[in-house]
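Numbering-wise (our numbering), the sequence shown opens with residue 3 and increments by one.
Where a beta carbon is used, it is the ideal one built from N, C-alpha and C, also for glycine.
Just so we're clear, the structure is a prediction, and the values are computed from it rather than from any experiment.
The structure under discussion appears below in the form of structure tokens.
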Amino acid sequence: MSARLKSAALLVSSLLATAGIGAMTASSAQAAVGCKVDYAVTSEWGGGFGASVTVTNLGDRLDSWTVGWTYASGQQVTQAWNATVTQSGGAVTARNASYNGTLATGASTSFGFNGSWSGSNPKPTAFTVNGVTCTGGTTTPTPTPTPTPTPTPTPTTTTPPPPTGTTPVAINGQLRVCGVNLCNQYGKPIQLRGVSTHGLQWFPGCYNTSSLNTLANDWKADVFRIAMYVNEDGYVTNPSGFTSQVNSLVDAAEQRGMYAIVDFHTLTPGDPNVNLDNAKTFFRSVAARNASKTNVIYEIANEPNGVSWQGIRSYASQVIPIIRAADPDAVILVGTRAWSSLGISEGSSSAEIVANPVPFDNIMYTFHFYAASHQDNYRNEVRNAAGKLPLFVSEWGTTSATGGGTVDIASSTAWLDLLDSLKISHVNWTYSDAGESSAAFQSGTCSGSDYGTSRLSQSGQFVRSRVMTADSFPTS
Ligand code: IDC
């Protein structure tokens, strides 16, 4: 990855060099310029690091910005977010993304990146913004002569090269939320389809080489959700044991080219704030451990219930920075009110989220449904919210909300057709042999090694048929 970015950086470096001062909107000689740049290493591991840079504009309003600094030998930016970062030799250039170029006087914005280092990893101390050295104060520059126009260089791009593998992760790489969609490394909207584990505390035997090979190769699942219950005999009974079980399953998904959702499966009590300290401890650890992977998505609370949106938002606002400090570029899923129904099951709606969203980018809101229980009014709400909020169906069942009862194929079909048309990702409850109709396998399957079609339940047959449909992920 770093070699490929390096060559892209070489291509664009001359283009960027011409951006410099000319990129300032306030180009008149009287324009006051001034800037402050704060550079922080957010995490460091063997040979790698994450960094966050905050740019504060102390001059006149800018409509675009380019931050520059110099790295020591061995320091190399590998992957950035909220800015396009390129490097040529030791010269690093970070250019604003399409959505954060405007900086009013006094305003700040941040971007981040991962890098590699060898020898030492010193923090740079001198920065420029739009070619002007940042002193932390305001200066009025002497008039600069209009630069001689230089020929427009051939447009180049930092789009990653075509994928070399065929798995969902090999093709799509690091995901990112763009608008209301989930986008791949090429910036194209995609839908992930997959399954959830049952409770790891109850069905650890269902997730083994054979079952996961079947999931990746026969079901062709894109995503595997790792449901780590917090209470109900889960995490709180053995934090380190459940954390390492989750990490092993993240690795197992990665080895098979599937995305892994790390689900902090809060259910009872419904207020995630009760487990705030547990969530911080858990996510600090899993995010640091998995920071360099591209296949991890974090789900910070399964199904908040009996708690206001304000309460959920407050929880999210405390947990997200913990994850971001360790693994800054991962997509984070935020549970919604009333069992992740966008509020519907407690008489509210997505409007309260739209009015008061979680104040972080690169997040999605979860919606859960059980096809036999949740029908047209829930589908209408998803249709309505889908244009306003990034949605991810991180759990759905073919049955009633108890996880049992009739398998409702008609409603399940209506749901998946809707989600497919909106490119909303979906994850089925459950890839297990639990003795309930929502489980994909017949009871007893996980005590053997055959996860083939003869072992599927009615629900499993339907879900497999919808998960295995070809993806055709766009790469250009
Ligand atoms: C259910 C399981 C069931 C288990 C129960 C524990 O299917 O075997 O006894 O949890 O409380 C959810 C939850 C999910 C539920 C599922 C079905 O996220 O934990 O699993 N469900 O009831 N939300 C709506 C339905």
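- Residue W221 holds the alpha-carbon nearest to the alpha-carbon of G259 among A281, S467, W221.
- Contact check for E383 against G337 fails: the beta carbons are separated by 8 Å or more.
- With 16 or more other CB atoms across the displayed protein chains lying within 10 angstroms of its CB, G196 is buried.
- With contact defined as three or more Cβ pairs closer than 8 Å, the stretch 61–68 and the stretch 125–137 are in contact.
- Proximity to G92 across L251, N186, Q77, A99 peaks at Q77, based on C-alpha coordinates.
- The beta carbon of L391 sits closer than 7 Å to the beta carbons of V182, S352, I355, V356, Y367 from its chain, once the five residues preceding and following it are set aside; these are given in chain order.
- Under the 10 Å beta carbon count, E256 is surrounded by 16 or more other beta carbons and is classified as buried.
- Put simply, the backbone Cα of T401 is about 20 Å away from that of H267.
- Each of V360, A223, H200, N215 was checked against the Cα of M230, and the nearest Cα belongs to H200.
- In the three-state scheme derived from DSSP, where H, G and I count as helix and E and B as strand, P191 is classed as strand.
- Proximity of the stretch 432–440 to the stretch 458–475 meets the contact definition, three or more beta-carbon pairs being nearer than 8 Å.
- Pairwise C-beta distances place the stretch 344–351 out of contact with the stretch 316–324, as fewer than three of them are shorter than 8 Å.
- Bridge pairing for C37: N59 [DSSP].
- In the structure shown, W341 falls within a helical segment according to DSSP collapsed to helix, strand and coil.
- With respect to F244, G236 sits close: the two C-beta atoms are nearer than 8 Å.
- Here DSSP, grouped into helix, strand and coil, assigns T245 to helix.
- Of the residues A172, G450, A340, the one whose Cα lies closest to the Cα of P271 is A340.
- For W311, the enclosing alpha helix (DSSP H) begins and ends at 311–328.
- Ranking T455, G345, Q193 by CA distance to the CA of S467 puts T455 first.
- When C-alpha distances from H428 are compared across I346, I263, G313, R286, the shortest belongs to I263.
- Counting only the Cα atoms, L177 lies some 6 Å from C185.
- DSSP, read as helix, strand or coil, puts N430 in strand.
- Counting along the chain, no alpha helix (DSSP H) covers E301; the unbroken beta strand (DSSP E) around it starts and ends at 298–301.
- P164 and G313 have their C-alpha atoms spaced approximately 43 Å apart.
- Placement of the Cβ of L269 at a distance of less than 7 Å from at least one heavy atom of the ligand IDC is found.
- Under the three-state reduction of DSSP, G201 is assigned to coil, being neither helix nor strand.
- R385: member of the alpha helix (DSSP H) spanning 378–387, first to last residue.
- For N304, the distance from the CB to the nearest heavy atom of the ligand IDC is below 7 Å.
- When DSSP assignments are scanned along the stretch 396–477, the uninterrupted stretches of alpha helix (DSSP H) that are 4 or more residues long and fall wholly within it turn out to be 411–424, 460–469.
- According to DSSP, A42 shares a beta bridge with S54.
- Residue burial annotation: A96 is buried, with at least 16 other C-beta atoms found within 10 angstroms of its C-beta.
- Checking the 7 Å criterion, the Cβ of A436 is within range of a heavy atom belonging to the ligand IDC.
- Taking a C-beta distance under 8 Å as the contact criterion, D422 and Q193 qualify as a contact pair.
- Per DSSP, F129 is not a residue of any alpha helix (DSSP H), being assigned neither H nor E.
- Leaving aside the five residues that flank R291 on each side, the residues in its chain whose CB is nearer than 8 Å to its CB run, in chain order, N249.
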